[in-house]
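Numbering (full-length UniProt numbering), first residue to last: 1 to 110.
Heads up, the beta-carbon is just placed ideally off N, CA and C, and yes, glycines get one too.
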Amino acid sequence: MSLLDPSSVNESRRQAIAATIQPATLEELRAMGEQLFPFLDHPWRHQFFQFLDEHPDSKYFRASTDDGIGILYCKEHNRGIWFIPGSGVGILQETGLKILSEILQQQKPR
């Protein structure tokens with residue numbers, strides 16, 4: 001895979017996500033949130049936990065890419081975040097949300 005070929009990187013990430021995507025419980029996500037945002041003043045901490053509190057009965061999924069990016073996804077609300085532990089975090093944009101939705105539609109229910 002060439003680092004200069006974005007389609008190769010995207011396809012590689014898509015394959016890794018499809019291979020690692022799995023349901024995540026609210027308890028698992030709360031524990032993950034504590035690891036991702038250990039400081040109370042982290043700008044993403046409040047948003048992360050507020051979303052979980054507002055949608056406690058939603059179905060959540062987690063996955064990872066082959067280059068170390070973690071992904072959390074809420075199917076019902078088509079929202080998610082990406083994170084690189086200890087480095088960065090952001091909201092999944094339309095393309096990423098579409099890929100996650102497609103992957104879940106293609107997989108058998110768990």
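For T95 and I84, what's the separation of their Cα atoms in angstroms? 18 Å
Cα-Cα separation, R13 to S64: 8 Å
Under the rule that 16 or more other beta-carbon atoms within 10 Å means buried, what is L92, buried or exposed? buried
Which class does I99 belong to by DSSP, given the choice of helix, strand or coil? helix
Give the DSSP-derived three-state secondary structure of S64 in the structure shown. strand
Beta-carbon within less than 6 Å of A16's beta-carbon, same chain only, minus the 5 sequence neighbours each way: which residues are those? T65, D66
Please report how far the alpha carbon of H77 lies from the alpha carbon of G86, in whole angstroms. 26 Å
Helix, strand or coil for G80? Go by DSSP, reduced to three states. strand
Out of L36, F37, L29, L40, point me to the one whose CA is closest to H55's CA. L29
Considering only residues of the same chain and omitting the five flanking positions on each side of A18, which have a CB-CB separation below 6 Å? I103
When the Cα atoms are used, what is the spatial distance from Q50 to S58? 13 Å
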